[in-house]
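Heads up: the sequence shown begins at -15 in our numbering, then just goes up one per residue.
Backbone N, C-alpha and C fix where the C-beta goes; we use that ideal spot for every residue, glycine too.
Please read these numbers as outputs of a predicted model, since none were measured by experiment.
For reference, the structure discussed in these notes is given below.
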Amino acid sequence: MPINLFTTLSAAYRFLWQNPRDLCLYAFLPVLIVAFVQIAGLWATGDWMLYFDPPARPEPGRALDPVVLSEIAPADAIAWVTNMIASFVAYVMFAVAWFRRYLVGPEGTTVGAAMRWGPRHWRFVGRFFTLVGMILLLAVLFNIPLSLISTANPMVEIFVRAGVVIAMLLIASRLFLVLPATAIDETVGFRDAATLTTGRSWYMLGIYLFSLIPALLALVIVARIFSGAIAPAVGSSLTLLFIAILVQQSIMFISIASQVTALAVAYRALGAGAQPPPATTSV
């Protein structure tokens, strides 16, 4: 298979299309966890009613009020932190299992065993946060010279900052291969990932970005339908909001699955990963 963005994304979406049952089985628990935690937080804080309020029209010439951390209610802060933790745990559970589903195969195991948290997941978490830390370090290093440069032309500064962001993403995207490697217990470090992706920075960045676009468009459409048609017709309903969150999270995990699969395809195409056997997973 030629190594280019089109063939990689095509292979990823083809795999998802051919394995809808496994995708539903693997995503069911993560979607349910995130949706339940999110709706519980909205119910506890009372913020769920805000989803049914008509959007406030901004006053002309008035700037948005800044967010002051000291003014955030403790219940809102706890709900936000809990939601972030639940979302990340669900992501790790699903990403590790789905990386293995593509690169190793079903392994003749149950979905419960595939999703069970273990040492592999902790290694994945460690690699993930190391990757995030390296990206933040790159951001700091790139912004140091920018802070020393003063220009009288704001447009020039905007283009320079955009170029810095793109350069940072191109460098960071070459390290993403450590994630599928960690999921299948292979020893591929950050230096190895950079070596495997030499000359393919745009390819890796394209995988990361373009694998998300269809699902993001679907999210926008669903949000428009909910706020413009369903919510006004039904009225305030916690059950309706929970269903909407379930739909939203289902689309989100489809986008995660497409991104994970595309990274797995690239991982194999660039020189690693085992061929998955054509089998299915048992419940």
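Residue from the options whose Cα sits closest to the Cα of residue i
i: A(-4); options: D60, Y192, V206; result: Y192
i: F83; options: E170, A24, I155; result: E170
i: L203; options: F174, L230, Y251; result: L230
i: A97; options: P216, P164, F126, L13; result: L13
i: G30; options: A123, L200, F(-1), S221; result: S221
i: S195; options: T179, L163, M236; result: M236
i: L154; options: L121, L224, W186; result: W186
i: L200; options: G219, S234, M99, Q22; result: S234
i: F226; options: W32, L189, I150; result: W32
i: I17; options: A250, A213, F72; result: F72
i: I119; options: S211, I150, T(-9); result: I150
i: T182; options: A250, V124, S(-6); result: A250
i: S211; options: R5, S(-6), F36, V244; result: F36
Local conformation of residue i per DSSP, three classes
i: T181; result: coil
i: T270; result: Residue 270 lies beyond the range of the chain shown here (-15 to 267); nothing can be said about it.
i: A94; result: A small fix is needed here, since residue 94 is Thr in this sequence, not Ala. Reduced to three states, the DSSP call for T94 is strand.
i: N3; result: coil
i: A117; result: Sequence check: residue 117 is Gly here, not Ala. Helix at G117.
i: D60; result: helix
i: F78; result: helix
i: L87; result: helix
i: T264; result: Note that T264 scores 48 on pLDDT, short of 50, meaning its location in the model is unreliable; the coordinates nonetheless yield the value given after this. Coil at T264, not helix or strand.
i: Y251; result: helix
i: G102; result: coil
i: N127; result: helix
i: N67; result: helix
i: T(-9); result: helix
i: L153; result: helix
i: V172; result: coil
Own chain partners of residue i with C-beta closer than 6 Å, once the 5 adjacent residues on each side are dropped
i: R107; result: T166
Separation of residue j from residue i, as counted between CA atoms
i: I56; j: I62; result: 10 Å
i: A246; j: V172; result: 18 Å
i: G206; j: I238; result: Reading off the sequence, residue 206 comes out as Val, not Gly. Their Cα atoms are separated by approximately 14 Å.
i: Y86; j: L0; result: 10 Å
i: R184; j: I(-13); result: 9 Å
i: I240; j: A217; result: 32 Å
i: F126; j: I209; result: 41 Å
i: T223; j: L180; result: 48 Å
i: M188; j: Q232; result: 26 Å
i: T94; j: V15; result: 18 Å
i: G190; j: P164; result: 17 Å
i: R175; j: A228; result: 42 Å
i: E91; j: A81; result: 11 Å
i: A248; j: G255; result: 11 Å
i: W27; j: L(-11); result: 43 Å
i: Q243; j: L(-7); result: 9 Å
i: T(-9); j: I197; result: 16 Å
i: V124; j: A70; result: 28 Å
Own chain residues within Cβ distance below 7 Å of residue i, not counting five before or after
i: L122; result: M152, I155, A156
i: V76; result: H105, F108, V109
i: L115; result: L159, V162
i: F78; result: Y10, A11, P14, F237, I240
i: A24; result: none
i: Q22; result: N67, I229
Residues of its chain near residue i, where Cβ-Cβ distance is below 8 Å and the 5 sequence neighbours each way are ignored
i: A178; result: R158, L159
i: R111; result: V162, L163, T166
### Task
Report yes or no: do the region 64 to 76 and the region -4 to 10 share at least 3 C-beta pairs separated by less than 8 Å?
No, the region 64 to 76 does not touch the region -4 to 10.
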